[in-house]
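Presented below is the structure to which this report refers.
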Amino acid sequence: MPATIKPPKNKATKPVKKSPEQDAIVIQGARMHNLKNITVSIPRNKLVVVTGVSGSGKSSLTMDTLFAEGQRRYAESLSSYARQFLMRMDKPDVDFIKGICPAIAIEQKVTTRTPRSTVGSMTELQDYLRLLFARVGRTYSPVSGKEVKKDDVSDVVDFIQKLDEGSKVQIMVPFRTLSGRTMEEELNVLLQKGFSRIYVVIKKNTAGEMMRIEDVLEDASLISSAKSQIYLLIDRIVAKKAFDEDDLHRIADSVQTAFYESEGECLLEVNGSKWHTFNHRFEADGIVFEEPTPNFFSYNNPYGACPTCEGFGQVLGIDIDLVIPDKRLSVYEDGVVCWKGEKMGEWKDAFIRQEGKKGFPIHKPIQELNKEQEAVLQKWIDDFFKMVEQNLYKIQYRVMQARYRGRTKCPTCGGSRLRPDALYVKVNGADIAELSDMPIENLNNWFEKIKLTKNEETIASRILIEVNQRLKTLLDVGLSYLTLNRLANSLSGGESQRIQLTKFLGSNLTDSLYILDEPSIGLHPRDTARLIKVLKHLRDLNNTVVVVEHDEMMMEEADHIIDMGPLASHLGGEVIAAGNYKEILKAPESLTGRYLSGELKVVSGKENNKKRKAINFIKLEGCRQHNLKDIDIAFPLNMLCVVTGVSGSGKTTLVKQTLYPALMKHFGEGTDRPGAHKSLTGDLKSITHVEMVDQNPIGKSSRSNPVTYIKAYDEIRNLYAKQRVAKMRGFQPKHFSFNVDGGRCDTCKGEGEVVVEMQFLADVHLLCESCKGKRFKDEVLEVTYREKSIHDVLEMSVDEAIVFFQDEKALAQKLQPLSDVGLGYVKLGQSSNTLSGGEAQRVKLASFLGRGNTKDKILFIFDEPTTGLHFHDINKLLKSFNELIEHGHSIIVIEHNTDVIKNADWIIDIGPEGGAGGGHLLYSGEPEGLKKVKESFTAQYL
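What follows is the structure, encoded as structure tokens:
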């Protein structure tokens, strides 16, 4: 047996020190996209920020290399059967990655467009609520308001056990004749089943007489009165102090038999006088209720969904917002717009006459009516439209009905989406629809004060832990203003990402790798501070948190920063600096460090920094959609106007849901109905059109790309068609297109690759054998301009192409706007569906810049245009904005970025809080004046 080696005495054994490499994720030789064979070390269990200019390779490193490998390794560990149901995963182009752990990526995109998906379903809170109501909910009758209870066998046995010793108990059920049998036939059947006696009560509340079934069959006159109440005796018992096990089994069997024979009823007669009724049916007040199950509260399940709207909460009907567009008016002031004119005005006169006498306040604004008064008015409106329906054979009535039709709350479920009887079930006095309608902040308060019995607490304890954890996270990431029934497709990208974060935090995973793509998008600096706390909590659970981010506050709080660069595309893809915040500040090559230290600044790009004077305005009056508090706002024209405020304060409601649709309606273009407001006035003649430049994709086809979107590819194709070889071969511009047959490769149809589906393995993307990935036929590729084929040009970045085509002035000018908006790194042939939301938005901006000086005076509305932009790129963006303004256009931007706010000509600040605490106009004017507004969070962070 080998001797054990002991440490020398009196010498403390030192723990083996881990090298930094051992406690890190090491990526070696990463070459995805523009990464230049880089090696980088990411410390484990730390908050790591990856930053750098747009297109420097941040996403290539984090998403396409690190996350892709983490996911692929997990998938490879599964059986081949399981793998066929997963997304196919390709191996990233990297030598090796050491120390990687299970990876979760949370991207900034609206995850779903289905009208059934809500905040509640995305956070899984709706599932926990359904479980809570199914397990501890109490059903109340809508008739009497009393709780509906169902007696079980154990309830009857417990009752008998509590009786005084010696009490005589008879277990009985009401006698009934079934299936059209005569009384004699029914008694014969009971006799065959083994029952022997019936109990006959001739007068109510008096002792009855026990009779043998055989005797009654022999002499029917024994039951003398037709009014006699007849009961079937199941069993007779004498109460004891302590029943033995056999006795309890016998009692339970008898009670079970009673419930079975009577289909749910069991009667106990105690000592020949007192009667006690037990009901195994879930019923009260003549109504049979459904027993709650989780599916009973699901609007995604046919069992729980409202039968009228099928779980959508809306139906096509008379839209009350069209009937009463301005609720500040009274009935007397024509608040109900369909009661105008000589004929229809008779309804208004009749209402005033009849309801005015009964005390209805005809001069009170409709928005101030109480629920009873609203119900009276609604009934009259319903009756009016019933009359319209009866007269639809007349054209004017058909026109009237069409004018007021729209998506409206479902009349059956009132918008709750659930079957009406699901709302009879309550927990702590509230039904599930009430909880789903509460803002998260109020819902959190409700759960903090919830009162349950000891038994209910035991059942619900696990559910409450999950619910409270998710609610707390939603509050921490600044989403206190959302409700659980808010539709997922109405959320911004940032909101959607933070909701996903809530879901993952709720699962309490440890030793995992979280990769987040710009989680601070759509967040006011006040809310970013809260988000950082959440990310630190995630890190403290022993997770590695990698964040692709440009936010200065996030970098200050990070444990480690990796700065990619130095520039974009082929000029990027290297690690410029790595270390903590202070080390990045001192790194001379780091653009990020130079902006953070103040050596470089984001400037407006205006010529001589000249101040613009606000002369022309568009005015929105009485904005009251969602949480807007009946505010009047003037938007200046011919300048950069920034609308800001904390998350959920009402910016999107004001600009995207009210101003934009109102202007579209003014210009006679079809769009969604504008949010509730009184009027749109002001200098509307100063603009000819309005453009919403959002982050929706510019093209879903793999062949669509930014250069085709800005119409520069037409110039390139024309140029190649003019070359001598092209003319000799009779090639036209269409031969240089990969969208139509002719010059494109016939095998891959211009894709450059052929995809082979491999079922449970990753799809194999094979280089097209015919064109070797060059997308065109050989004879087309032989046509060159300055020794470059059409394929070589598509492989160039925008910046490279501008230099290459410098002799072709028109073409270079068409490409220049892409570079001006910070997209110089994008390849000309890059597919549109690989662009992020921010990049898609800037391609749209570039297409407008490319139009040059047109006669149109456009009002541009941008939603968070700094998404995905580094400080260096924000400079370019502001220059692009100023170029548009110099051409006579106007710009309104929804933005939280302090650099953009500082460089604005005009600021509109909405707040002070999100949700119900927001919707007030805090400030409107030049940036300098905002600093004096004490209640503004924006002012504090400027």
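Numbering follows UniProt numbering, in which position 552 of the sequence shown is assigned residue number 552; successive positions increment by one, without gaps. Backbone N, C-alpha and C define an ideal beta-carbon position, used for all residues, glycine too. Remember, predicted model here, so these are calculated numbers, not experimental data.
Can you look up residue i in the DSSP assignment and give me helix, strand or coil?
i: T652; result: helix
i: residue 1003; result: Limits of the chain in this structure are 1 at one end and 942 at the other, which puts residue 1003 out of reach.
i: K404; result: Residue 404 is actually Tyr in this sequence, not Lys. Coil, per DSSP.
i: F96; result: strand
i: L567; result: coil
i: S831; result: coil
i: Q732; result: coil
i: K168; result: strand
i: K409; result: strand
i: M211; result: strand
i: V725; result: helix
i: K274; result: strand
i: D90; result: coil
i: S121; result: helix
i: V189; result: helix
i: F738; result: coil
i: T867; result: coil
i: V693; result: strand
i: D151; result: coil
Look at residue i and residue j and say whether their C-beta atoms are less than 9 Å apart.
i: P706; j: L823; result: yes
i: I885; j: P817; result: no
i: I858; j: L654; result: no
i: T114; j: Q126; result: no
i: I802; j: A812; result: yes
i: I213; j: L178; result: no
i: F181; j: V189; result: Looking at the sequence provided, one finds Arg at residue 181 rather than Phe. A contact, by the Cβ cut-off of 9 Å.
i: D151; j: F278; result: yes
i: F937; j: H626; result: no
i: G750; j: F738; result: yes
i: L516; j: A846; result: no
i: D93; j: R31; result: yes
i: P174; j: I237; result: no
i: K814; j: A712; result: yes
i: A24; j: G70; result: no
i: G919; j: S649; result: yes
Less than 6 Å between C-beta atoms, sequence neighbours within five positions excluded: which residues of the same chain meet that for residue i?
i: K36; result: G573, E574
i: S597; result: L585
i: S679; result: E621
i: I618; result: F635, G682
i: N903; result: S604, L878
i: D559; result: K46, L47
i: V602; result: F871, I874, N875, D899
i: S789; result: L781
Can you name the residues that DSSP bridges to residue i?
i: T544; result: L513
i: I223; result: I223 pairs with nothing; no bridge assigned.
i: residue 943; result: This structure gives no information on residue 943, because the portion of the chain shown stretches from 1 to 942.
i: G682; result: I618
i: S924; result: I908
i: E895; result: E895 is not bridged to any residue.
i: K788; result: Y785
i: residue 947; result: With the chain covering only 1 through 942, there is no way to say anything about residue 947.
i: Q28; result: F96
Among the residues of its own chain, which have a CB less than 7 Å from the CB of residue i, if the five just before and after it don't count?
i: D551; result: S520, T528
i: F96; result: Q28
i: E926; result: W906
i: T4; result: Summary for T4: the model assigns pLDDT 41, below 50, so the residue's position carries little reliability; its value from the coordinates is reported in the next sentence. Excluding sequence neighbours, T4 sits near nothing in its chain.
i: I362; result: S330, V331, Y332, I352, G356
Which residues in the same chain as residue i place their Cβ atom closer than 8 Å to its Cβ, once the five residues preceding and following it in sequence are excluded?
i: C306; result: Y299, G313, C410, T412, C413, S416, R417, L418, R419, P420
i: E556; result: Y581
i: S924; result: I633, A634, W906, I907, I908, D909
i: T51; result: K58, V548, E549, H550, M555, I561, I562, D563, M564, T592, H870
i: E935; result: G911, P912, L922
So with Cβ pairs under 9 Å, would you call residue i a contact of chain B?
i: P307; result: This model lacks chain B altogether; it includes just one protein chain.
May I have a chain-ordered list of the alpha helix (DSSP H) segments no shorter than 4 residues that lie completely inside the stretch 312-371? 320-323, 341-357
Complete runs of the alpha helix (DSSP H) confined to the stretch 550-595 [at least 4 residues]: 552-557, 581-586
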